[in-house]
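Asks: Can you keep this structure in mind? I'll have questions shortly.
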Amino acid sequence: MQTVPTNPSAESRLPTGAIASDAASMMLTLTVAGQPCAVPVLAVRDVLGVQAITRIPLAPREVAGSLNLRGRIVTAVDLRGRLGLPSRAPGEVAMSVVVEVGGELYSLLADQVGEVLTLNPEERAPNPPTLDASWKEFSLGVHRRDDHLLVLLDVEQLLALGV
Amino acid sequence: MDDLLADFLTETNEGLASLDAALLQLERNPANGSVLSEIFRIVHTIKGTCGFLGLPRLEGVAHAAENVLGLWREGTLPVTPAGITLILTAADRFKLIVAGLEATGSEPAGDDAPLKAALDAAASGEVAVEEINAEAVIPAAETIAAEGPAEAAPAAGNAPQTIRVAVDVLEDLMVLVSELVLTRNQLMQLARAEENAAFSVPLQRLSQITSDLQDGVMKTRMQPIGNAWSKLPRLVRDLSHDLGKRIELEMRGADTELDRQVMELIKDPLTHMVRNSADHGLETPEQRRAAGKKETGRILLNAFHEGGHIVLQIGDDGRGLNTDRIKAKCIAQGLATEAELATMSERDIHRFIFRAGFSTAAEVTSVSGRGVGMDVVKTNIERIGGTVDLTSREHRGTTFSIKIPLTLAIAAALIVEAGGERFAIPQAGVLELVRVGGVDGPKVERIKDSAVLRLRGQLLPLVSLRQVLRLDHDAGAEAEGFVVVTQVAGQLFGIVVDRVFDTEEIVVKPVAPILRHITMFSGNTILGDGSVIMILDPNGIARASGLGLEGGTESGALEEAAATSRRSDRHTALLLFRAGPGAPKAVPLGLVARLENLDAARIERTGESLVVQYRGTLMPLIPLDHGIMPAETGEQPVLVFGDGDRAMGLMVDEILDVVDVPLEMDNAGLRPGFLGSCVVDGKVTDLLDTGYWLKQGQSDWFEPAVVSGARPRVLVAEDSDFFRNLIVPAIMAAGYDVTTVGNGRDALRLREAGERFDVIVSDIHMPELDGMALARAVREGGPWAELPMIALSGSASPADVERGREAGFSDYIAKFDRDALLASLQHCLQPMLAR
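Going line by line, the protein sequences match chains A and B. Anchor point for the first sequence: position 48 equals 48 in the numbering used here, and the numbering is continuous, going up by one each time. In the numbering used here, each residue's number is its place in the second sequence (first place is 1) plus 163.
Encoded structure:
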């Protein structure tokens with residue numbers, strides 16, 4: 001209150017900008033039917049273990065149901081279904097990656113959730129032209145890791161369902 | 164400056180809202196000095212503040228208007244309708260400028276010169292100078308002198324005990340309370356599984372406080388419906404000028420409260436319907452004179468509470484719906500064939516006006532008849548879980564009835580299961596539950612693929628929840644289950660489910676955008692056990708099943724039949740329970756205020772008697788059988804009689820069922836505490852004498868709850884001892900002084916004997932002189948002519964109610980509807996109690 005910087009915007013822009021770009025390149029890795037994928041950490045609100053999910057009749061096939069996250073209702077979208085992969089065998093469990101899009105919470109169901117990595121956007125390779133059509137829509141590009149390829153998922157596109 | 168302007172806008176809006184009403188009042192009674200002072204004060208305040216804030220346009224108009232008002236006040240100029248119109252125009256200009264200020268922060272551009280010139284002309288006396296006469300002026304001046312200061316003093320002395328709170332804050336509070344209720348429910352569920360947990364007592368308190376908090380927050384959202392009506396008198400006045408009709412608007416029950424969210428949603432439909440009544444419903448003065456009616460048409464708005472709902476009626480005494488024209492239009496639009504129409508009741512034909520694009524006005528006027536009509540009204544009302552219906556008689560008028568829930572925030576819902584999934588059905592739409600299949604239950608029958616159920620001699624169309632939701636469908640598994648009888652837009656149908664759990668209070672939350680296209684669900688919620696559940700939308704289910712169309716050929720007949728059989732004299736809803744050895748016991752459901760399962764740990768002993776803390780007071784508990792001891796642990800089922808401050812609980816062993824049975828009594832009065840016995844489901848069942856048990860609970864039960872001057876005197880005319888025994892205790896318990904007679908003839912003898920009462924409650928069917936004849940005789944004249952009269956009858960179909968009103972009854976109540984009767988008594992006696 002007492003000291004007012006002469007030009008606050010110029011002073012503060014640099015550090016926050018740096019943090020923002022750091023955070024923007026941080027990705028949470030997850031596995032869907034054996035395929036390593038990643039989503040931006042900034043979009044993720046929570047990672048949950050196995051949850052009781054209520055099925056929703058008449059919902060699009062990819063919608064697994066809804067679950068209760070500390071009193072908020074979260075709609076669960078099964079990444080396997082969304083990415084055209086075979087559904088989970090009975091007994092196989094799913095992890096919930098809760099993301100916020102447009103003020104609504106959604107849970108992306110993945111088979112495993114891995115670690116948080118910082119990925120340099122410049123190292124991202126575009127989608128190979130031969131990539132399956134059902135994946136092209138949701139992939140923002142591919143990162144080469146030592147022993148595998150990591151597909152960067154477009155969260156908003158994944159949730160553009162039933163509209 | 165911004166804050167100042169915001170405060171000014173809020174204040175000015177409030178002032179402007181009352182300005183219209185005050186001007187109309189002044190028009191009716193130009194000599195009312197206090198109203199004139201009020202108008203002057205509002206305009207003067209606006210003028211003064213805008214000078215300060217630098218709003219030249221507003222100030223200019225206000226100044227010119229104030230000049231005219233000042234002359235009126237001094238008595239130099241008479242108040243004329245033309246003058247009122249001029250000031251109303253100025254009020255409109257204020258609103259226009261204020262709206263502009265709100266939107267942009269500065270005054271909108273515009274030319275006020277003509278208006279100001281007209282006002283100045285009026286002020287200089289150019290308009291209607293010849294109307295000035297001494298008689299009109301002097302009383303006006305005197306009233307100002309007499310009432311002006313008296314009016315101002317109390318206003319200054321008692322600053323209103325209210326503060327202004329932003330609606331957003333209240334909304335947030337409501338959301339938080341809803342969440343709290345859900346969390347409480349969850350905790351309660353956990354506690355139930357854990358016996359003797361240390362936290363069960365504090366949890367009980369938490370639960371109680373949560374409920375109170377919920378009530379409290381709900382109250383902050385409640386507003387009198389009169390707020391939604393405040394613009395209507397002006398609307399009607401303008402319409403009557405535009406249409407050249409003479410219209411009188413009567414508003415009853417303006418203080419009936421409802422949730423402001425609901426109110427916002429019904430404002431537009433309401434305005435539309437009043438417009439419709441004025442434009443289509445009422446005739447011109449010439450037409451009315453020719454039809455032998457008063458030249459001034461009447462529009463009546465009425466609002467009252469009924470159960471968890473508020474009922475709004477918009478009626479007119481105009482020409483009524485033209486059945487032939489509706490028929491012609493139906494055929495022209497291909498909605499029905501002539502043969503179909505021939506089999507339909509008049510009421511069903513009238514209901515066609517709720518169809519999309521249906522307007523019977525021969526020509527489109529500027530007021531209404533643009534094709535967006537009753538269908539939009541109906542859709543809007545149904546969207547908030549309400550229903551709308553109408554009754555109309557040619558040359559007598561049309562009345563629309565809207566029934567809407569009091570609040571949308573928290574609702575009771577029935578939890579059902581189908582195909583292994585649980586769903587919630589809003590309780591408001593559920594009429595009854597029928598168990599089907601099994602060994603001796605009614606059977607679901609099929610006509611080709613359509614399932615139907617025979618329900619009291621009518622065919623009820625059925626919709627399988629498994630089928631409409633495409634759950635694992637296995638036709639065989641439906642042999643047993645439940646039918647949830649639901650009503651949507653006058654159409655009765657049954658939803659077949661596998662199981663029914665209990666009811667829960669739910670907080671309706673909207674579904675995620677990616678699921679909004681599924682019309683079967685109106686929302687979702689979290690249950691007490693923490694699981695997410697979808698809330699079914701009966702409207703959507705009906706539409707998906709092709710049932711939602713208004714005016715299906717047999718819907719009306721079916722509904723009427725169901726309504727009468729639900730309420731008929733022969734069928735009574737009885738609550739069956741077990742208490743002590745011997746036959747099951749029963750009590751008419753309508754007499755029981757609530758059913759509770761009390762936590763045994765909460766029951767306390769004071770000397771010989773048992774009490775429990777219940778809704779903030781101590782409620783005595785009476786064992787219905789001496790053998791019944793309160794349970795040591797677990798839950799004690801209790802029937803609660805009475806209300807809030809004066810409740811009494813009857814402990815029973817087990818609550819069994821609610822049945823709808825013909826009531827035929829035997830062995831009347833053999834044992835104290837019982838009226839007699841009747842046969843329910845082939846078993847002899849003892850019928851409880853509630854009056855006896857209420858006296859056991861509190862010896863002073865029939866003393867007035869509050870010692871207030873004189874108790875209102877009620878005359879009850881009822882021939883059946885049985886009903887008298889049921890009704891009289893309920894009325895006495897509410898603090899009334901009751902006199903009973905066996906028929907209308909005896910009632911009239913009391914009148915001749917010079918007896919005085921405050922209200923008459925009468926049965927319809929009685930020997931010697933029935934209720935209708937009694938009402939007519941009372942209304943003919945004599946000391947009782949103005950008394951409110953309440954009809955009690957087994958059948959309360961709209962037609963019966965109409966007949967009752969014609970005979971002179973003020974209200975019409977179904978027998979056994981204790982709450983409705985007490986509410987009606989209170990309503991009828993309000994003017995008296997206010998004195």
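Positions of the beta carbon are idealized from the N, C-alpha and C atoms, including for glycine.
Which whole-angstrom value is the C-beta distance of A675 (chain B) and T75 (chain A), which I expect to be below 8 Å?
Replies: Taking the second sequence and counting its residues from 1, the one referred to as residue 675 (chain B) is at position 512. Taking the first sequence and counting its residues from 1, the one referred to as residue 75 (chain A) is at position 75. Yes, A675 (chain B) and T75 (chain A) are in contact; Cβ-Cβ is about 4 Å, under 8 Å.
Asks: If you measure between the beta carbons of L109 (chain A) and A94 (chain A), is that distance less than 8 Å?
Replies: Here residue 109 (chain A) is taken as the residue at index 109 of the first sequence, counted from 1. Here residue 94 (chain A) is taken as the residue at index 94 of the first sequence, counted from 1. Yes, Cβ-Cβ distance for L109 (chain A) and A94 (chain A) is below 8 Å.
Asks: Taking one C-beta from the stretch 217-233 of chain B and one from the stretch 430-442 of chain B each time, how about it: are there three or more such pairs within less than 8 Å?
Replies: No, the stretch 217-233 of chain B does not touch the stretch 430-442 of chain B.
Asks: Starting from the beta carbon of A59 (chain A), find every residue of chain B whose beta carbon is closer than 9 Å, and list them in chain order.
Replies: If you number the first sequence from 1, residue 59 (chain A) lands on position 59. What A59 (chain A) touches in chain B: I677, L678, I681.
Asks: Comparing alpha-carbon positions, which option in B:G703, B:G455, B:L172 lies nearest V631 (chain B)?
Replies: The sequence position of residue 631 (chain B) within the second sequence is 468, counting from 1. Here the closest residue by C-alpha is B:G703.
Asks: Contact criterion: CB-CB distance below 8 Å. Does E342 (chain B) meet it with respect to chain A?
Replies: Taking the first residue of the second sequence as 1, we reach residue 342 (chain B) at position 179. So, interface residue.
Asks: Closer than 7 Å, Cβ to any Cβ of chain A: which residues of the stretch 582-594 of chain B, in chain order?
Replies: Taking 7 Å as the Cβ-Cβ cut-off against chain A, the residues of the stretch 582-594 of chain B that qualify are E584.
Asks: For E334 (chain B), tell me which candidate among B:L376, B:Q424, B:A361, B:E420 has the shortest Cα-Cα distance.
Replies: Against the second sequence, residue 334 (chain B) aligns to sequence position 171. Ranking B:L376, B:Q424, B:A361, B:E420 by Cα distance to E334 (chain B) puts B:Q424 first.
Asks: Comparing the C-beta of A52 (chain A) with each C-beta of chain B, is any distance below 8 Å?
Replies: The residue you call residue 52 (chain A) lines up with position 52 of the first sequence. By this cut-off, A52 (chain A) is an interface position.
Asks: Going by Cα to Cα distance, which pick from B:V750, B:A746, B:P744, B:G745 is closest to L738 (chain B)?
Replies: Looking up residue 738 (chain B) in the second sequence gives position 575. If we check each option's Cα against that of L738 (chain B), B:V750 comes out closest.
Asks: Assuming N68 (chain A) is part of the beta strand (DSSP E), what are its boundary residues?
Replies: Translated into positions along the first sequence, residue 68 (chain A) becomes position 68. Residues 63-69.
Asks: If I measure Cβ to Cβ from I247 (chain B) and keep anything under 6 Å in the same chain, skipping five residues before and after, which residues do I get?
Replies: Along the second sequence, one-based indexing puts residue 247 (chain B) at 84. Cβ within range, chain order: L186, E190.
Asks: Residues of chain A with CB closer than 8 Å to the CB of I689 (chain B), please, in chain order.
Replies: Taking the first residue of the second sequence as 1, we reach residue 689 (chain B) at position 526. Those within 8 Å of I689 (chain B) in chain A are N68, G71, I73.
Asks: Tell me, to the nearest whole angstrom, how far the beta carbon of V437 (chain B) is from that of I473 (chain B); I am working on the premise that it is less than 8 Å.
Replies: Position 274 of the second sequence, counted from the start, is the residue given in the question as residue 437 (chain B). Position 310 of the second sequence, counted from the start, is the residue given in the question as residue 473 (chain B). 17 Å between Cβ atoms; not a contact.
Asks: Drop a sphere of 10 angstroms on the beta-carbon of D146 (chain A), count the other beta-carbons inside from all chains shown, and report buried for 16 or more, exposed for fewer.
Replies: Residue 146 (chain A) sits at position 146 when you count from the first residue of the first sequence. With fewer than 16 other Cβ atoms within 10 Å, it is exposed.
Asks: Using only the alpha-carbon positions, how far apart do P40 (chain A) and G600 (chain B) sit?
Replies: Reading the first sequence from its first residue, position 40 is the one you call residue 40 (chain A). Reading the second sequence from its first residue, position 437 is the one you call residue 600 (chain B). Straight-line Cα distance between these residues: approximately 55 Å.
Asks: Are the stretch 371-383 of chain B and the stretch 143-161 of chain A touching by the rule of at least three beta carbon pairs closer than 8 Å?
Replies: In short, these stretches do not touch, since the Cβ pair count stays below three.
Asks: Just to confirm my understanding: we take P867 (chain B), look at its own chain, exclude 5 residues before and 5 after, and list those with CB closer than 7 Å. What are they?
Replies: Residue numbering aside, residue 867 (chain B) sits at position 704 when the second sequence is read from its first letter. Here the model assigns P867 (chain B) a pLDDT of 44, short of 50, so the residue's position is not dependable and the matter cannot be decided.
Asks: Exposed or buried, which one is V847 (chain B) when buried takes at least 16 other CB atoms within 10 Å?
Replies: Reading the second sequence from its first residue, position 684 is the one you call residue 847 (chain B). Result: exposed.
Asks: Taking only runs of the beta strand (DSSP E) that begin and end inside the stretch 446-519 of chain B, which ones reach a length of at least 3 residues, in chain order?
Replies: Qualifying beta strand (DSSP E) stretches, in chain order: 460-469, 472-479.
Asks: Let me know if R167 (chain B) comes out buried or exposed under the rule of 16 or more other beta-carbons within 10 Å of its beta-carbon.
Replies: Residue numbering aside, residue 167 (chain B) sits at position 4 when the second sequence is read from its first letter. Residue identity differs from the one stated: residue 167 (chain B) is Leu in this sequence, not Arg. By the 10 Å Cβ count, L167 (chain B) comes out exposed.
Asks: Please work out which residues of its chain come closer than 8 Å, Cβ to Cβ, to M351 (chain B), disregarding the five sequence neighbours upstream and downstream, and give them in chain order.
Replies: Translated into the one-based positions of the second sequence, residue 351 (chain B) becomes position 188. Excluding residues within five positions, the ones whose Cβ falls inside 8 Å are L366, S370, G691.
Asks: Taking only the alpha-carbon atoms, compute the straight-line gap between Q35 (chain A) and L150 (chain A) and give it to the nearest angstrom.
Replies: Here residue 35 (chain A) corresponds to residue number 35 of the first sequence, with the count starting at 1. Here residue 150 (chain A) corresponds to residue number 150 of the first sequence, with the count starting at 1. Their Cα atoms are separated by approximately 8 Å.
Asks: With DSSP as the reference, please indicate the residues paired to L186 (chain B) in a beta bridge.
Replies: Taking the second sequence and counting its residues from 1, one reaches residue 186 (chain B) at position 23. Looking at the DSSP assignment, L186 (chain B) forms no beta bridge with any residue, so it has no partner.
Asks: Taking 8 Å as the threshold (beta carbon to beta carbon), is S694 (chain B) in contact with chain A?
Replies: Residue numbering aside, residue 694 (chain B) sits at position 531 when the second sequence is read from its first letter. At least one chain A Cβ lies under 8 Å of S694 (chain B).
Asks: By the DSSP assignment, the beta strand (DSSP E) with K748 (chain B) in it spans what residues?
Replies: As a working mapping, residue 748 (chain B) is identified with position 585 in the second sequence. Segment 748-751, the beta strand (DSSP E) holding K748 (chain B).
Asks: Taking L161 (chain A) as the query, report the chain B residues whose CB atoms sit under 8 Å from its CB, ordered along the chain.
Replies: On the first sequence, position 161 is the one that residue 161 (chain A) refers to. The answer, in chain order, is I677.
Asks: Under DSSP, the beta strand (DSSP E) around E420 (chain B) begins and ends at which residues?
Replies: Translated into the one-based positions of the second sequence, residue 420 (chain B) becomes position 257. Element bounds for E420 (chain B): 420-422.
Asks: Along the beta strand (DSSP E) that carries G812 (chain B), what are the first and last residues, could you check?
Replies: On the second sequence, position 649 is the one that residue 812 (chain B) refers to. Where G812 (chain B) is concerned, the enclosing beta strand (DSSP E) stretches over 811-814.
Asks: Please report how far the alpha carbon of P951 (chain B) lies from the alpha carbon of S508 (chain B), in whole angstroms.
Replies: What you label residue 951 (chain B) is simply residue 788 of the second sequence in a count that begins at 1. What you label residue 508 (chain B) is simply residue 345 of the second sequence in a count that begins at 1. Going by the C-alpha atoms only, they are around 33 Å apart.
Asks: Over the uninterrupted beta strand (DSSP E) stretch that includes G114 (chain A), give me the two end residues.
Replies: Position 114 of the first sequence holds residue 114 (chain A). Counting along the chain, the beta strand (DSSP E) containing G114 (chain A) begins and ends at 112-118.
Asks: How many angstroms separate the CA atom of D974 (chain B) from the CA atom of S987 (chain B)?
Replies: Residue mapping note: residue 974 (chain B) aligns to position 811 of the second sequence, counting from 1. Residue mapping note: residue 987 (chain B) aligns to position 824 of the second sequence, counting from 1. Each residue's alpha carbon lies about 7 Å from the other.
Asks: CB-CB under 8 Å to L678 (chain B), same chain, minus the five flanking residues each way: which ones, in chain order?
Replies: The residue labelled residue 678 (chain B) in the question sits at position 515 within the second sequence. F684.
Asks: With DSSP as the reference, label T252 (chain B) as helix, strand or coil.
Replies: As a working mapping, residue 252 (chain B) is identified with position 89 in the second sequence. It is helical.
Asks: Any Cβ of chain B within less than 8 Å of the Cβ of E104 (chain A)?
Replies: Position 104 of the first sequence, counting from 1, holds the residue named residue 104 (chain A). Closer than 8 Å to some Cβ of chain B, the Cβ of E104 (chain A) qualifies, so yes.
Asks: Using a 10 Å radius around the Cβ and a threshold of 16 neighbouring Cβ atoms, would you call G379 (chain B) buried or exposed?
Replies: Position 216 of the second sequence, counted from the first residue, corresponds to residue 379 (chain B). Result: exposed.
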